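Visitor: Residues in the sequence shown are numbered consecutively from 1, following UniProt numbering.
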Amino acid sequence: MAWARWGQALQRSMAALRSESARIMRMEVTSERTEGAQLLYRLATPQDAAQVATGSDSDIGGLSRCQFSLESEARDDGAPRTFGRFYGTISSHIPRGSRLERSGYAAFRNVKRPRLFSVEGWDTTMHPYLAIKVRNRLARAAEEAPPSASLRAALQTQDGTGSTVARAVEALGCSTGGAAAPTPPLFYVNVQTDGPVTTDLYQHRLQLDERVGPGEWQTITIPLDAFVLTNTGVVSDMQVSMLREKVLTVGVSVLMEPPQLPAGAAPAPEPAVRALRRTDAAPDEAPPVRGHKRHGSLPFDLDVAGVWVVATPTEAARL
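#1: Are residue 320 and LYS133 touching if we call contact CB-CB under 8 Å?
#2: How far does the alpha helix (DSSP H) with VAL169 in it extend, from its first residue to its last?
#3: Taking the C-alpha atoms as reference points, what is the distance between LEU302 and CYS66?
#4: Under 8 Å, do ASP194 and GLY121 count as touching if we go by C-beta distance?
#5: GLU71 bridges to which residues according to DSSP?
#6: Helix or strand or just coil, what does DSSP make of THR199?
#7: Are there 16 or more other CB atoms within 10 angstroms of the CB of LEU40, so buried, or fewer, so exposed?
#8: Using the C-alpha atoms, what's the distance from PRO313 back to HIS127?
#9: Hey, would you say SER253 sits closer than 8 Å to ALA106, going by beta carbons?
#10: Going by alpha carbons, who is nearest to TYR87 out of PRO299, VAL307, TRP308?
#11: For SER91 and GLY296, I'd like the C-alpha separation in whole angstroms.
#12: For PRO182 and GLY233, what's the separation of their Cα atoms in angstroms?
#13: Distance, Cα to Cα, THR176 vs LEU201?
#14: Consult DSSP for ASP48 and reduce its assignment to one of helix, strand or coil.
#15: Buried or exposed for SER236, please, with buried defined as at least 16 other CB atoms from any protein chain shown within 10 angstroms of its CB.
#16: Which whole runs of the alpha helix (DSSP H) in the stretch 193-261 are 4 residues long or more, in chain order?
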């Protein structure tokens with residue numbers, strides 16, 4: 001097994017060397033083009049599924065469970081369609097005697113691709129948008145679902161000059177100033193880069209359009225500059241721009257609650273929390289205690305066809 005991993009790392013290193021040499025011979029400034037979608041990964045073969053890693057709070061004593069499988073179905077024209085299926089149950093229940101402070105999460109991502117002396121990554125500097133094609137099997141019927149946030153909401157968060165709290169409220173749905181977090185389960189897109197802190201993660205809500213029925217696919221587009229830096233489930237009080245020239249992993253997580261705001265964070269401006277304002281509950285709600293269920297357990301079932309980066313939202317619509 002060790003020799004097999006070493007051989008794969010050698011193959012990646014040689015492929016990268018050949019690609020870089022060819023780029024230099026063509027006198028290209030960058031190896032990535034600015035037009036057309038750049039595929040990060042597709043979930044269409046057993047080999048693709050083997051490059052996916054999963055995890056949940058059950059790894060540290062929680063009760064959430066998740067699975068990832070490869071599924072197939074016939075398209076309208078009869079041609080086969082293969083995709084990944086991420087499903088299971090998240091639970092906010094904290095077992096008695098556990099040291100957990102929070103629970104209720106599950107996630108998947110692509111596995112890292114080591115080379116001999118580094119880790120292979122994607123250069124996304126010429127493609128400012130991330131696009132992911134998904135289908136929510138547990139979506140409500142279109143007539144029952146309220147309008148949901150669109151790309152416009154994500155665009156409002158990509159200005160890095162705003163306050164950390166305001167950006168976190170917009171991008172992650174964090175609760176502040178008497179506002180309530182969105183109704184779980186909550187899906188997030190997670191991006192890890194080759195930065196100095198290995199536990200850093202850039203996150204953004206995967207805003208599924210609830211007007212789309214459970215049998216329909218949708219392509220969600222998110223500006224990469226709209227992602228918010230978090231660390232172990234807490235929004236970082238010092239936001240650092242994403243190292244977009246070296247993206248290592250991209251994945252999806254499902255949470256019972258949004259990431260936490262940094263300790264001592266000031267409330268966000270009123271426009272940022274207006275959409276999250278709660279009117280049917282007290283503004284101060286006690287945190288969960290061990291052995292107590294706040295949301296209980298919730299099922300989730302998300303199909304994923306692939307992940308791309310694109311130059312424009314129009315390109316994403318053609319995926």
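Here a beta-carbon is modelled for each residue, glycine too, at the ideal position from N, C-alpha and C.
Please read all numbers here as calculations on a predicted model, not as lab measurements.
Guide: According to the structure shown:
#1: The structure shown has nothing for residue 320, since the chain only spans 1 to 319.
#2: Position 169 of the sequence shown, counted from the start, is the residue given in the question as residue 169. Its alpha helix (DSSP H) spans residues 164-172.
#3: Residue mapping note: residue 302 aligns to position 302 of the sequence shown, counting from 1. Residue mapping note: residue 66 aligns to position 66 of the sequence shown, counting from 1. For LEU302 and CYS66, the distance between alpha carbons rounds to 11 Å.
#4: As a position in the sequence shown, residue 194 is number 194, starting the count at 1. As a position in the sequence shown, residue 121 is number 121, starting the count at 1. Contact: yes.
#5: For the purposes of this step, residue 71 is taken as residue 71 along the sequence shown, with counting starting at 1. DSSP, once it has assigned bridges, lists PHE83 as partnering GLU71.
#6: Reading the sequence shown from its first residue, position 199 is the one you call residue 199. THR199 falls in the coil class under three-state DSSP.
#7: Translated into the one-based positions of the sequence shown, residue 40 becomes position 40. Buried, by the Cβ-count rule.
#8: Counting from one through the sequence shown, the residue named residue 127 turns up at place 127. Counting from one through the sequence shown, the residue named residue 313 turns up at place 313. Using only the alpha carbons, I get a separation of about 10 Å.
#9: Taking the first residue of the sequence shown as 1, we reach residue 253 at position 253. Taking the first residue of the sequence shown as 1, we reach residue 106 at position 106. Against a cut-off of 8 Å, the Cβ pair of ALA106 and SER253 comes out as a contact.
#10: Along the sequence shown, one-based indexing puts residue 87 at 87. Minimum Cα distance to TYR87 is reached at PRO299.
#11: Mapped onto the sequence shown, residue 91 falls at position 91. Mapped onto the sequence shown, residue 296 falls at position 296. Their Cα atoms are separated by approximately 6 Å.
#12: Position 182 of the sequence shown, counting from 1, holds the residue named residue 182. Position 233 of the sequence shown, counting from 1, holds the residue named residue 233. Roughly 17 Å separates the two Cα atoms.
#13: Indexing the sequence shown from 1 puts residue 176 at position 176. Indexing the sequence shown from 1 puts residue 201 at position 201. Using only the alpha carbons, I get a separation of about 21 Å.
#14: Taking the sequence shown and counting its residues from 1, one reaches residue 48 at position 48. Three-state DSSP puts ASP48 in a helix.
#15: Looking up residue 236 in the sequence shown gives position 236. Classification of SER236: buried, given that the 10 Å Cβ count is 16 or more.
#16: none
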